[in-house]
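Below: one structure, written as structure tokens.
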Amino acid sequence: MAQVIDVGASTASTGSQTLSIPILSPAQNLILAEFGLATVLNGDVLLNATIGFQTTLGVPSVIFTLYRDGQPIFNIGASGLSVLAIQPIAISFMDLNVPAGYHAYTLGVANNSLNILLNTASVTGPVTYSGVSIG
């Protein structure tokens, strides 16, 4: 039977339209949230994130990335809807067989549009990121 080893969370905002942070180009990955977790040998970590983003111009393409110790472990893309439409993004990911120790988990976002000047978006809230270490 698995047991909970550690729990971590980072909350920048819990409500919609509580933030207005422009999503930048891929070379300028924007860090939204981060926390640390202890793990045991061959343990797993369940990660969950909720992010609200809003199209501000055009039809932007954004990429949300989960990192462990600065290295990408999962990413998911999303495209903007109509201008000013707020789109909630929910991410769940199981990081399997994590090395034992203490690890930094980070949530980032970047604008992956071909022309970021004509396809813009912002993080509007909520922004929550959490993880549960299981061993």
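Here the sequence shown is numbered in the numbering used here, starting from 94 and rising by one per residue. Where a beta carbon is used, it is the ideal one built from N, C-alpha and C, also for glycine. Keep in mind the model is a prediction, meaning the values are calculated, not measured.
Buried versus exposed, by CB contacts within 10 Å (16 or more), residue i
{"i": "S206", "result": "buried"}
{"i": "I116", "result": "buried"}
{"i": "T213", "result": "buried"}
{"i": "V100", "result": "exposed"}
{"i": "V155", "result": "buried"}
{"i": "I124", "result": "exposed"}
{"i": "A142", "result": "buried"}
Same chain, Cβ closer than 6 Å to residue i, five either side skipped, listed in chain order
{"i": "Y160", "result": "T199"}
{"i": "I144", "result": "I182, V220"}
{"i": "V191", "result": "T132, G136, V138"}
Neighbourhood of residue i by C-beta distance below 7 Å, restricted to the same chain and skipping five residues each side
{"i": "H196", "result": "G129, L130, T132, R161, D162"}
{"i": "F186", "result": "L140, L159, F167"}
DSSP three-state assignment for residue i, whether helix, strand or coil
{"i": "A214", "result": "strand"}
{"i": "Q121", "result": "helix"}
{"i": "L130", "result": "strand"}
{"i": "S206", "result": "coil"}
{"i": "G228", "result": "coil"}
{"i": "G101", "result": "strand"}
{"i": "N190", "result": "strand"}
{"i": "I116", "result": "coil"}
{"i": "Q180", "result": "strand"}
For residue j and residue i, believed in contact at Cβ under 8 Å, the rounded distance
{"i": "N204", "j": "P153", "result": "6 Å"}
{"i": "S106", "j": "L112", "result": "5 Å"}
{"i": "Q121", "j": "F146", "result": "Contact doesn't hold; Cβ gap of about 16 Å is too wide."}
Could I get the ranges of all uninterrupted beta strand (DSSP E) runs contained in the region 140 to 172, with 3 residues as the minimum, in chain order? Along the length of the region 140 to 172, whole beta strand (DSSP E) runs at least 3 residues long occupy 154 to 161, 164 to 172, reported in chain order.
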